[in-house]
Amino acid sequence: MLAYDAVARSIGATGSWVRKFIGHQPVRLDADTFLRIHRTYQANCDRWDAQADEDRAAFFALGGGDDAMDQSSIKSLDLATGQNTPRCRLAAPMVASLVDEDRQ
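To convert a position in the sequence shown, counted from 1, into the numbering used here, add 47.
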């Protein structure tokens, strides 16, 4: 309910009106309210974009533009795929029974 009230304050409406509007109940939406909703939405998008740009810049400043993951750690991971891996041999019968593949 507090979130509805916060949104309502930012667009000059009531929390009840916002709940009805979101709930697709009949409410009066005049041009002034529509423009306030649009202006608030655009301001939030601009703020979030600016924050994302700042976060992106801070991330790249940490690693000098490189991916921070050490490439040697990737080689040590078990990345084997296919039917010959132990996990696939154990999972295949269980998956087949779940999808009724054994009947087909």
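From the three backbone atoms N, C-alpha and C, an ideal C-beta is built for every residue, glycine too.
- Here DSSP, grouped into helix, strand and coil, assigns G62 to helix.
- The beta carbons of V74 and F68 sit about 5 Å from each other, so the pair counts as a contact at 8 Å.
- Rounded to whole angstroms, the separation of the alpha carbons of A108 and Y51 is 38 Å.
- Taking 7 Å as the cut-off, the beta carbon of R94 is found no closer than this to the beta carbon of I58.
- DSSP places V74 in the coil class of the three-state scheme, outside both helix and strand.
- In this structure, the alpha-carbon of T87 lies about 28 Å from that of F106.
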